[in-house]
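J.: My structure is below; once you've seen it, I'll send some questions.
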Amino acid sequence: MDKESAQKKKRERAVNFTELEIRHLVDVAIKYSKIIENKQTDGAMWKEKDKAWAEIAVEFNAITGGIHRTAKVLRLKYDGIKRGLKQKQTKNKLEKKLLQFMTLSVHGLPAAGGNDSDIILPYSLTDSRKELLQLQTQIAEHEVLQKQEFADMQKKILLDRDQREQLQHDMIMKNLNLQQQLLLDTNERQQKEHDLHVQWMLLKIENEKADLLIKEKQLQ
Numbered sequence: 503m504d505k506e507s508a509q510k511k512k513r514e515r516a517v518n519f520t521e522l523e524i525r526h527l528v529d530v531a532i533k534y535s536k537i538i539e540n541k542q543t544d545g546a547m548w549k550e551k552d553k554a555w556a557e558i559a560v561e562f563n564a565i566t567g568g569i570h571r572t573a574k575v576l577r578l579k580y581d582g583i584k585r586g587l588k589q590k591q592t593k594n595k596l597e598k599k600l601l602q603f604m605t606l607s608v609h610g611l612p613a614a615g616g617n618d619s620d621i622i623l624p625y626s627l628t629d630s631r632k633e634l635l636q637l638q639t640q641i642a643e644h645e646v647l648q649k650q651e652f653a654d655m656q657k658k659i660l661l662d663r664d665q666r667e668q669l670q671h672d673m674i675m676k677n678l679n680l681q682q683q684l685l686l687d688t689n690e691r692q693q694k695e696h697d698l699h700v701q702w703m704l705l706k707i708e709n710e711k712a713d714l715l716i717k718e719k720q721l722q
């Protein structure tokens, strides 16, 4: 492979995934989740995972029909998607802990003099608790919204897969119907050819009989 071809191939691999490609990747990977998400680390399982990713790559590229993605690239992208989801969950947990820590710090922060009587409380305890409750509610609602969006995305992926499978089924049935019609046409044509051949043979026999009768009369 020359240098120009190698650079071109490298640029193709560097092209970012589109949202549609990500959906297709998740759609195909879900079918092999029992293997690729298996926690076993023995050699046999690694071979099974490599085989599964090779099959995922074949299905993925057949669906997208665009930039060819290798099994290694798809595997890295899939791992990146999972890391992104875990980071979002971790971030939400850290936000909760930080919010609790900030609330405790505000209520227990002493003034410059160091006397307990000089503790600074910008808000009353009741107001702070209300604010904390509101923030916790907003965070919880945000988490619910994220989960709902993820569930909607999975549902959309499943719907797309069902529609694609239905389309494939319809195409297969149409192809079978065409093949059946061609077979019927072929059989009908063969039957006509056979009938014509039989008629020709009968006509030939009749002509031979007529020739024999003429010869017999001439001999008489």
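Counting the sequence shown from 1 gives a position; my numbering is that position plus 502. Quick reminder that beta carbons are idealized off the backbone N, C-alpha and C, glycines included. It should be emphasised that the depicted structure is a prediction, and the values quoted were computed from it without experimental measurement.
Nearest-angstrom Cα distance between E708 and L684?
T.: Between E708 and L684, the C-alpha separation is close to 36 angstroms.
J.: Grab me the residues of K598's own chain with a C-beta within less than 8 angstroms of its C-beta, minus the 5 sequence neighbours each way, in chain order.
T.: If we look at K598 and ignore the five residues flanking it on each side, its Cβ neighbours are Q638, I641.
J.: From A614 to L635, what does the alpha carbon distance come to, in whole angstroms?
T.: Legend: pLDDT at A614 = 44, less than 50; position of this residue unreliable, value from coordinates given subsequently. If I take the Cα positions, the gap works out to 30 angstroms.
J.: Just to confirm before moving on: does the CB-CB distance between V530 and F562 stay below 7 angstroms?
T.: Cβ atoms of V530 and F562: closer than 7 angstroms.
J.: Looking only at C-alpha atoms, which of K706, R663, S535, I569 sits nearest to D581?
T.: It is S535 whose Cα lies nearest to the Cα of D581.
J.: Flag this pair as touching only if the region 680-699 and the region 557-577 have three or more C-beta atom pairs under 8 angstroms; answer yes or no.
T.: They do not touch, by the three-pair rule.
J.: Take R577 and list the residues in its own chain whose beta-carbon comes closer than 6 angstroms to its own, dropping the five residues that flank it on each side.
T.: These residues qualify, in order along the chain: W555.
J.: State the CB to CB distance for the pair V565 and H526, rounded to an integer number of angstroms; the pair is presumed to be in contact (CB under 8 angstroms).
T.: Looking at the sequence shown, residue 565 is not Val but Ile. Confirmed, about 5 angstroms.
J.: Give the C-beta separation of N594 and E645 to the nearest angstrom, bearing in mind that I take them to be a contact with Cβ-Cβ under 8 angstroms.
T.: At roughly 6 angstroms, the Cβ-Cβ gap stays under 8 angstroms, so N594 and E645 are in contact.
J.: When the Cα atoms are used, what is the spatial distance from I538 to R585?
T.: So the alpha carbons of these two residues sit roughly 15 angstroms apart.
J.: Mapping DSSP to helix, strand and coil, what is V517?
T.: Three-state DSSP puts V517 in coil, outside helix and strand.
J.: Measure from the C-beta of R577 to each C-beta in chain D and report whether the shortest distance is under 7 angstroms.
T.: The question asks about chain D, but that chain is absent: this structure has only one protein chain.
J.: I need the straight-line Cα distance from D552 to I524, nearest angstrom please.
T.: Those two C-alpha atoms are separated by around 20 angstroms.
J.: Below 8 angstroms on the Cβ atoms is my guess for K590 versus Q648; work out the distance and round it to an integer in Å.
T.: The Cβ separation is near 7 angstroms, so the contact holds.
J.: Counting C-beta neighbours from all protein chains within 10 Å, is the total for K719 16 or more, i.e. buried, or is it exposed?
T.: Per the 10 Å Cβ criterion, exposed.
J.: Pop quiz: K574 and F519 are said to be a contact at Cβ under 8 angstroms. What is the actual Cβ separation, rounded to whole angstroms?
T.: Not a contact, Cβ separation roughly 14 angstroms.
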